[in-house]
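Chemist: Okay, here's the structure, questions in a sec.
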Amino acid sequence: MKKRSLLFPLLIIVTGFIFISRLFFLQIIKHDSNDISLNSSTIKRIYTYPERGFVFDRNGQLMVANEQTYDVKVIPNEVKPFDTLEFCKLLKIDKDYLEHKLARAKNYSRWLPSVFLSQLSKEDYAYLQEKIYKYKGFSIQRKSLRNYPHKSSSNILGYINEVNEYLAQQNPYYEQGELVGTQGIEKEYEHLLRGTKGVKYKLRNRLNKVIGPYKDGIFDTISKPGEDLTLTIDLELQKYGELLMNNKRGGIVAIEPNTGEILALVTAPNYDPNLMVGRKKSKNSVILFNDSINKPMIDRGLQAAYAPGSPFKLIQGLIGLQEKVITPETGFYCHHGYKYASGKHNFMGCHCDIVGRPIDLRLGIAKSCNSYFANVYKRLIEKYPTPQESVTKWADHLHSFGLGNYLGYDLPSGRKGNIPTSDYYDKVYPRKTWKFPTIISNAIGQGEVVTTPIQLANMIAAIANRGYFYTPHILKKVNDKNIDIEKFTTKRQTTIDKENFAPVIDGMHDVYKSGTAKHVQIKELDMCGKTGTVQNYIRKNGVKYELEDHSIFVAFAPKDNPKIALAIFVENGGYGSMIAAPIASLMIEKYLLGTHKLKYWENRIINTSLEKEYNKQLSIQSLEVAKK
Amino acid sequence: MRSQRNNIKLEIDWILIFLYLALVGFGWMNIYSASSSADHNEIFDFAARYGKQIIWIGLGILISVFLLFIESSFYEKFAAYIYLATMFLLAGLFIFGKNINGATSWYSIGSFSLQPTEFAKTGTVLALARLLNDRQFSFKPLKNKIKTFIIITIPAILITLQPDPGSALVYLSFILLFYREGLSPNILIVGITAVALFLATLVFGYIYVIGGVLVVTTFILWYIAKGRKKSLRFEWPKILSIVSIILGYVYSVYYLFNYVFKQRHRDRFNILLGLSDDTSDIGYNTYQSIKTISSGGFWGKGYLQGDRTQGKFVPEQDTDYIFSTIGEEWGFWGSMLVVVFFITFILRIVVLAEKQKSTFSRVYGYGVACIFFFHVLINIAMVIGLFPTIGIPLPFFSYGGSSLWGFTMLLFIFIKLDASKNYEL
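Chains A and B, in that order, give the protein sequences.
Residue numbering for the first sequence follows the numbering used here, beginning at 1 and increasing consecutively.
Residue numbering for the second sequence follows the numbering used here, beginning at 629 and increasing consecutively.
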């Protein structure tokens, strides 16, 4: 009997031990202290969103503002019977809409608010606000939308998207469905523009219904408004550039040389920034992003990588002087071209038409003589014992101008371009058989050299400064205080000595005085420039189709103490002197003088449409599609 | 009479009284935490559950005092009638009962509901004590086995039919009492083996279990064949028939589980056995309850500070899942203390029961301990995720007047019997 009495007490004690071990496991081993924190699922965070910062141009013109709109929200379980007729009249909706929306909201959640009607007009809001108390379960939520008073600069300003799941996971600040700048300065300066959201912690029950503040609100924070930004952009110049680029493709980049401030950053074709706002945004963005013909979402000023063409000769000359393979007086002869190797086809043509007399650097630039720069490049590449060493040296000079890599400006898109190094050629020619004739196209800015318009503009700024530049940037002031960002206030010295610039700049000056841009010179200004014409073609089905050349122009003005440096690139614009050069002059005149002396050219450029040329390309491209 | 009453007061087991009051008091604090809200937090708000519970507790104490003043011989004399009365109450539910949450378990008088299930336990233990009190009683004769079986089967069936199978399971706990009082341990062993095989079949699959049984059988037969124990030599037909019964059982468990059980039954077992990770639907209660307890940590979040409790994340948190409130707000030390209190409480009843001079009191005390043990075991094991969801209350903690009164009566009848053990032999 006694033995049997032991079983039950034993069971009781064992049970006690099992329970305590299980509790130990649950509450001490598996206990996650984060679980009791503000991340607990029982705590609802209610955010107050500050107003996003405004954006102004360098002269204080408003570029981006906010517009208040109002959404009507509904929590289905809190809806009490109401006068549907009056309600529909108030919101200007019909009964079908009401029923449909209510059903959808119920479907989503009976306890959570869902949008019933989005973006009420201000007048409708005013009426509704007085009567909303009658409609239990309905509420009005203010929403701030971006508003652009000018239909300009969409590439600079960018746009705002809703935070997606991925970003919400990456960045704990954001929650899905919030707004975040995704392009342009909205993205780059998101942290300044957005401000800091405020948060209230509310306790909620398992039906997600809020039952009161969490710990009497000791963790709650208030929101901090976004900062207002002033850009370096001159809105008038920017709009003018956009006007000039009408019906063309390409980009204009204008930089203030002695600060690195970007004065204008034009891309064409462009779009109205108001398209990427509000209710119609999703529809428009599909259209804009899918436009693979015009590619309006690509900022050609930053992202289009082209061969630089003749403007590249400027820097070739500078490197020649710096490497002491030429002096300003060194002369070369041109025989309508340059024969760089034996054989009939190894001949690079030239249109300078200076035959029978030596051409020096200044004249070479003014007349854009291919032979001259082929000779310079030959000397550069053959200066050191191996072409590898020479190319390395040559590329180092180019890198010091910010070419071949990201410039470091404060906009989120860009391309590296390409400055071929000896490694690059060793990879292409693994047996290292490459020599000067292999890479001769580089001499005149074709071949493997690729730059973006902003790199080119920056290069011109460095030339205008005679040897240094500041990293181009677009932010000027934050809340009316000038920015002090070391990256943008540090002089970046190039590898070219100051005295070597004079003959090159003189050559650029001659381009306006007597060269390819003579027809668009402005008498009051000492302008310096260089045209470029880049051949291009596309291959389809093994057939090479010649296309109209890209038209390039680089310029700065005035010659002494320069105020503006720019690079213009017009796709398939033909000779540099015919489209890009007038645009440069018009931009310079607009910015420095504000006059309209080149009225003829202004009208002509604005009315020039290259659509026909682009359509031709399209038809060539579609050949293949048709075959398929 | 006067002197005897004084003596009784001295003989009352104050340890049990203290534990009872401590558990009831702490229980009420947790009901308050789980059922109060921002709108309802006045302590004497009788519309709220914690307010009603105050009334139940007050009346419960009155009942307990009343019980202490009843002659202890009354229970023995009237045990059978009390049993019958509670059985009639159970049976009457099928005519007068009120259906709440799908079970016809309540009599409803105005706003007041009474759950006779909670009182049937007292009646049954009294009846068992009365039956086993007979000096000639032994479990040997089949007649006695059947009598005992009938006493516990009637309430079990009536309760199952409500349907409230969780509460019916409580009557299984008397097997411990019967073992103590001389029932053959074979029944206990067979029962435990059956449960173990059942679980093993579900967890490992019947093929492995059958394989395992065959391997073990082979070893046993080989052992016998080597002839170490001659006496066992002629036992092999017996062994083989046992093995075939086991194999049949295992296969029928498999068959029952997969082809006879409904999906919801399977789900409960699957979640319990860790065979399914579904936390959204069927396992929601258990998942929320474990998470809530786990979030308490060592020290807990503090009384009324449990955000999951205050957010009412755990369903039925003031009734069956009340222990999760303790786990969250009082942490490991608090919930451990509650477990220790319960263990001490039950052990104390067992120890006192063993000291009883009369069989009636001993059997009654032991039966009371069995009921408390079963409730605590099933309820806490369910809330901490060791058992499947079986809805029975945690004594003194779960909200509800009937259950509080039922447990109070169970306990105080025993305290009275214990207090008079020296006077009324």
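Each residue gets a CB set at the ideal place from its N, CA and C atoms; glycine is no exception.
The structure displayed is predicted, hence computed values, not measured ones.
1) Measure how close the beta-carbons of Y834(B) and R4(A) come, nearest whole angstrom, since I'm counting them as under 8 Å.
2) Enumerated in chain order, which unbroken segments of the alpha helix (DSSP H) with a length of 4 residues or greater are wholly contained in the segment 559-591 of chain A?
3) Considering only DSSP beta bridges, list what A65(A) is partnered with.
4) Using the three-state DSSP reduction, which class does E130(A) fall into: helix, strand or coil?
5) What are the partner residues of Y537(A), as DSSP defines its beta bridges?
6) Mind listing which residues of the segment 1007-1026 of chain B have their C-beta closer than 7 Å to chain A's C-betas, in chain order?
7) Considering only C-alpha positions, which residue in the set G343(A), K283(A), K151(A) and G309(A) is nearest to K530(A)?
8) Between Y912(B), F1024(B) and A997(B), which has its C-alpha nearest I803(B)'s C-alpha?
9) If you draw a straight line from the alpha carbon of S37(A) to that of L695(B), how long is it in whole angstroms?
10) Tell whether a beta-carbon distance below 8 Å holds between L547(A) and I588(A).
11) Considering only residues of the segment 431-472 of chain A, which uninterrupted beta strand (DSSP E) runs meet the minimum length of 3 residues and lie entirely inside it, listed in chain order?
12) Using a Cβ cut-off of 8 Å, pull out every chain A residue sitting near S963(B), in sequence order please.
13) Check the Cβ of F219(A) against every Cβ in chain B and list those closer than 7 Å, keeping chain order.
14) When you compare only the Cα positions, how much space is there between S153(A) and F926(B)?
15) For chain B, is any of its Cβ atoms less than 8 Å away from the one on I75(A)?
16) Applying the criterion that 16 or more other CB atoms from any shown protein chain within 10 Å of the CB defines a buried residue, is D1046(B) buried or exposed?
17) Please confirm whether L237(A) and A268(A) have their CB atoms less than 8 Å apart.
18) Does the segment 946-957 of chain B come close enough to the segment 988-1003 of chain B that 3 or more CB-CB pairs lie under 8 Å?
19) Taking 7 Å as the limit between beta carbons, can you name the residues of its chain near V630(A), skipping five residues before and five after?
20) Take G467(A) and list the residues in its own chain whose beta-carbon comes closer than 6 Å to its own, dropping the five residues that flank it on each side.
21) Would you identify the three-state DSSP class for T920(B), choosing helix, strand or coil?
22) Using beta carbons (cut-off 8 Å, strictly below), is R808(B) in contact with chain A?
23) Quick one: does R4(A) have its CB under 8 Å from some CB of chain B?
24) Quick check on R357(A): buried or exposed, where buried means 16 or more other Cβ atoms within 10 Å of its Cβ?
25) How would you list, in chain order, the residues of chain A whose beta-carbon sits under 8 Å from the beta-carbon of F926(B)?
26) Quick one: grab the DSSP three-state call for M348(A).
27) Bridge partners for K339(A) per DSSP, in chain order?
28) Would you mind stating whether V277(A) and L145(A) have Cβ atoms separated by less than 8 Å?
29) Which same chain residues end up closer than 8 Å to K136(A) when comparing Cβ atoms and leaving out the 5 residues on each side of it in sequence?
30) Alpha carbons only, please: which of V831(B), I867(B), T829(B) and L830(B) is nearest the one belonging to F847(B)?
31) Name, please, each residue of chain B whose Cβ falls closer than 8 Å to the Cβ of L7(A).
32) My understanding is that K101(A) touches F87(A), with C-beta atoms under 8 Å, so please give their C-beta distance in whole angstroms.
33) What is the C-beta distance between N418(A) and V376(A), in whole angstroms, given that I count them as a contact (C-beta under 8 Å)?
34) In chain A, what lies closer than 7 Å to E982(B) by C-beta?
35) With distances taken between CB atoms, is the gap from I440(A) to A395(A) smaller than 8 Å?
36) I want to know whether the segment 980-988 of chain B touches the segment 755-766 of chain B - three or more CB-CB distances under 8 Å.
Modeler: In brief:
1) The Cβ separation is near 34 Å, so there is no contact.
2) 580-588
3) N147(A)
4) helix
5) E546(A)
6) I1008, I1012 and L1014
7) G309(A)
8) A997(B)
9) Note on S37(A): pLDDT 48, under 50, position unreliable in the model; the coordinate value appears next. Taking the straight line from one Cα to the other gives about 49 Å.
10) no
11) 468-470
12) L23 and Q27
13) The contacting residues do not exist; F219(A) stays about 12 Å from chain B at best.
14) 59 Å
15) no
16) buried
17) no
18) no
19) In this structure chain A extends from 1 to 628, so residue 630(A) is not present and cannot be described.
20) T494, I496 and K498
21) helix
22) yes
23) yes
24) exposed
25) Q27, I28 and H31
26) strand
27) F347(A)
28) yes
29) E78, V79, K80 and F82
30) I867(B)
31) L804, Y807 and R808
32) Not quite, the Cβ-Cβ distance comes to about 12 Å (not below 8 Å), so this is no contact.
33) So it is not a contact: roughly 21 Å between Cβ atoms.
34) S5
35) no
36) yes
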